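Notes for the one structure printed next.
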Amino acid sequence: MEAIRELQRQLQDAQKVSNVKKISERNCIDLVQKLIATDQVKLFHTTTGKEYLTPEQLDIEIREVLDTAGGRLNVTELPNELGVGIEHCEVRVEQMRKRDSSLCKIHSELLSQQYLQAVAQEIEENLEEAGSVAVSDLASRWNLPAEYIRNSVFVLVGSSGVVKQNTIHTGAHAARVEARTLGALRGCTQPVNLSQLALRHSLDADMVAAAAQKLVKEDAVQGKIQGTTFTPKAYTEAQAGRVDSFFDANSYLTVATAKSANVELKDWVKSRKAAGYSLGSTFLAAHLVDPVIAAISEAVSSDSWVDVLPLLPPALAATDSRDLLQQLANQKKLPNNSVLVDRVVVSAAFLKAAAHSLEAETKAAAERAVATNAKLGVS
Numbered sequence: 001m002e003a004i005r006e007l008q009r010q011l012q013d014a015q016k017v018s019n020v021k022k023i024s025e026r027n028c029i030d031l032v033q034k035l036i037a038t039d040q041v042k043l044f045h046t047t048t049g050k051e052y053l054t055p056e057q058l059d060i061e062i063r064e065v066l067d068t069a070g071g072r073l074n075v076t077e078l079p080n081e082l083g084v085g086i087e088h089c090e091v092r093v094e095q096m097r098k099r100d101s102s103l104c105k106i107h108s109e110l111l112s113q114q115y116l117q118a119v120a121q122e123i124e125e126n127l128e129e130a131g132s133v134a135v136s137d138l139a140s141r142w143n144l145p146a147e148y149i150r151n152s153v154f155v156l157v158g159s160s161g162v163v164k165q166n167t168i169h170t171g172a173h174a175a176r177v178e179a180r181t182l183g184a185l186r187g188c189t190q191p192v193n194l195s196q197l198a199l200r201h202s203l204d205a206d207m208v209a210a211a212a213q214k215l216v217k218e219d220a221v222q223g224k225i226q227g228t229t230f231t232p233k234a235y236t237e238a239q240a241g242r243v244d245s246f247f248d249a250n251s252y253l254t255v256a257t258a259k260s261a262n263v264e265l266k267d268w269v270k271s272r273k274a275a276g277y278s279l280g281s282t283f284l285a286a287h288l289v290d291p292v293i294a295a296i297s298e299a300v301s302s303d304s305w306v307d308v309l310p311l312l313p314p315a316l317a318a319t320d321s322r323d324l325l326q327q328l329a330n331q332k333k334l335p336n337n338s339v340l341v342d343r344v345v346v347s348a349a350f351l352k353a354a355a356h357s358l359e360a361e362t363k364a365a366a367e368r369a370v371a372t373n374a375k376l377g378v379s
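For the sequence shown, position 168 matches number 168 in the UniProt record's numbering, and the numbering has no gaps at all.
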């Protein structure tokens with residue numbers, strides 16, 4: 001700056017002398033170009049080529065244009081406003097951002113703290129009216145990235161704003177949502193999808209889900225949440241009563257029957273502490289198995305066999321009968337000389353006798369074949 005001032009003083013002194021000794025405009029330009037080329041001064045020439053700006057003056061003028069625009073300005077507009085090449089403007093904007101952290105550049109736009117404060121103020125006013133504002137709506141309205149709004153604008157909103165992933169709302173609004181969610185859940189008599197519940201009551205789905213989790217945890221509503229579905233305790237108890245009644249009447253319970261009542265068979269067996277056998281698709285009461293064991297014992301003692309599937313309730317699958325026989329064998333509840341063949345129990349003596357019979361028949365068949373071949377002259 002001192003060098004520039006000295007240059008200006010010399011030029012003024014030179015202009016005061018007679019016309020013969022005055023420096024021409026061409027000479028002035030050449031002199032300035034020489035100073036720029038030798039890095040003695042840093043200047044930017046305007047697009048007209050008749051004026052020069054120092055970096056500091058260009059920064060001042062960029063700031064003035066930004067303030068006039070309300071704190072948001074596209075950098076590409078600076079050449080028309082200042083008459084300076086875009087390459088110089090972009091360099092100075094980056095330098096300004098490094099010195100002033102309140103300035104932010106998004107894509108090709110320069111934003112000031114003044115602008116962000118104005119956006120935050122308007123968001124506060126919207127919150128006072130609506131209680132809640134979606135980030136996506138703000139991003140669309142202000143043409144700013146949603147992540148930038150969350151990280152840089154919401155921090156300027158007053159303490160009344162509560163920021164969640166997709167919304168910003170007031171504490172009073174959150175309390176209203178929780179109260180409405182409480183009333184809705186207490187009125188449920190069957191499972192309900194929380195997203196559909198929020199849609200039905202024109203509430204934010206994320207806020208309803210958060211309120212439901214809080215209410216269940218605090219035992220303000222009785223039930224459980226699995227994924228996005230809330231199941232009232234009264235409904236679970238009613239369905240469990242149906243399952244209990246079915247089991248008490250039939251002494252077995254299939255997985256399909258339990259699921260139709262929204263009950264997990266394994267959980268029901270554990271809570272009921274019922275005595276019996278957990279098979280592939282069924283739980284079978286112990287007293288239904290006693291006749292099966294008796295029939296097996298009788299068949300084995302009489303050197304015979306028995307198919308256990310007809311002895312079980314019709315709803316049971318063939319795989320269940322196999323599972324049952326395997327469990328009985330593991331518990332050593334079958335006679336020692338029992339042999340399991342799929343769903344059939346066979347006496348070992350029966351198998352031995354069958355083998356002897358087949359052996360005799362095979363031997364006789366072989367002898368007949370040999371005799372036949374001899375008559376035909378086949379060796």
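For every residue, glycine included, the Cβ atom is placed at its ideal position computed from N, Cα and C.
Treat the numbers as computed from the prediction; the structure is a model and nothing was measured.
Does DSSP put residue i in a helix, a strand or coil?
i: residue 386; result: Residue 386 is absent from the structure shown; the chain starts at 1 and stops at 379.
i: T170; result: strand
i: C232; result: Just to set this straight, residue 232 is Pro in the shown sequence, not Cys. Note: P232 maps to strand in three-state DSSP.
i: R272; result: helix
i: I242; result: For the record, residue 242 in the displayed sequence is Arg; it is not Ile. It is helical.
i: T282; result: strand
i: D320; result: helix
i: T47; result: coil
i: L312; result: coil
i: S338; result: strand
i: V91; result: helix
i: V263; result: coil
i: N143; result: coil
Which partner residues of residue i appear in the DSSP bridge assignment?
i: C104; result: L111
i: K224; result: T231
i: G161; result: T170
i: V135; result: Bridge partners of V135: none, in fact.
i: D307; result: V344
i: L253; result: F283
i: Y277; result: L284
i: L73; result: L110
i: V192; result: F230
i: A153; result: Contrary to the premise, residue 153 reads as Val rather than Ala in this sequence. Answer is none; V153 lacks a bridge partner.
Identify, in the order they occur along the chain, each residue of the same chain with its Cβ nearer than 7 Å to the Cβ of residue i, setting aside the five sequence neighbours on each side.
i: A220; result: L182
i: R186; result: V221
i: residue 399; result: With the chain running from 1 to 379 in the structure shown, residue 399 is simply not present.
i: D165; result: Sequence check: residue 165 is Gln here, not Asp. Excluding sequence neighbours, Q165 sits near D206.
i: V208; result: V177, T181, L194, L197, A198
i: A184; result: L197, H201
i: A172; result: G131
Take residue i and list the residues in its own chain whose beta-carbon comes closer than 6 Å to its own, dropping the five residues that flank it on each side.
i: S338; result: V300, V345
i: E123; result: Checking the displayed sequence, the identity of residue 123 turns out to be Ile instead of Glu. Once the five neighbours on either side are set aside, the close Cβ partners of I123 are V157.
i: E81; result: V65
i: L138; result: I149
i: T231; result: P191, G223, K224
i: C104; result: L111
Is the beta carbon of residue j closer than 8 Å to that of residue i?
i: L265; j: F283; result: yes
i: A341; j: L324; result: The sequence shown places Val at residue 341, rather than the Ala named in the question. Contact: no.
i: D204; j: A212; result: no
i: D303; j: A354; result: no
i: P79; j: G85; result: yes
i: I168; j: L144; result: no
i: S195; j: T170; result: no
i: A318; j: T254; result: no
i: S251; j: A275; result: no
i: V162; j: A175; result: no
i: A295; j: V306; result: yes
i: A146; j: S132; result: no
i: Q327; j: Y277; result: yes
i: Q113; j: S102; result: yes
i: Q226; j: N262; result: no
i: T118; j: V153; result: Looking at the sequence itself, residue 118 is Ala, so the reference to Thr does not match. It is not a contact, given that the beta carbons lie outside the stated cut-off.
i: T189; j: A130; result: no
i: S281; j: P335; result: no
CB-CB under 8 Å to residue i, same chain, minus the five flanking residues each way: which ones, in chain order?
i: A258; result: V243, E264, L265, W268
i: L312; result: L284, L288, V292, D320, S321, L324
i: N126; result: V133
i: K333; result: I293
i: Q331; result: none
i: A210; result: K164
i: L215; result: E178, T181, L182, L185, V221
i: H356; result: none
Given the structure, does residue i come close to the ligand PLP, in the sense that its CB is under 7 Å from one of the ligand's heavy atoms?
i: A120; result: Ligands displayed in this structure: none; no statement on the ligand PLP is therefore possible.
Of all the CB atoms in chain D, is at least one closer than 8 Å to the CB of residue i?
i: E298; result: Absence of chain D from the displayed structure is noted, only one protein chain being present.
Under 8 Å by Cβ, that's how I've got residue i and residue j pegged, so tell me the actual separation to the nearest angstrom.
i: V75; j: E56; result: In fact, because the Cβ distance is near 19 Å, the residues do not count as touching under 8 Å.
i: I62; j: R92; result: 6 Å
i: T47; j: G83; result: 5 Å
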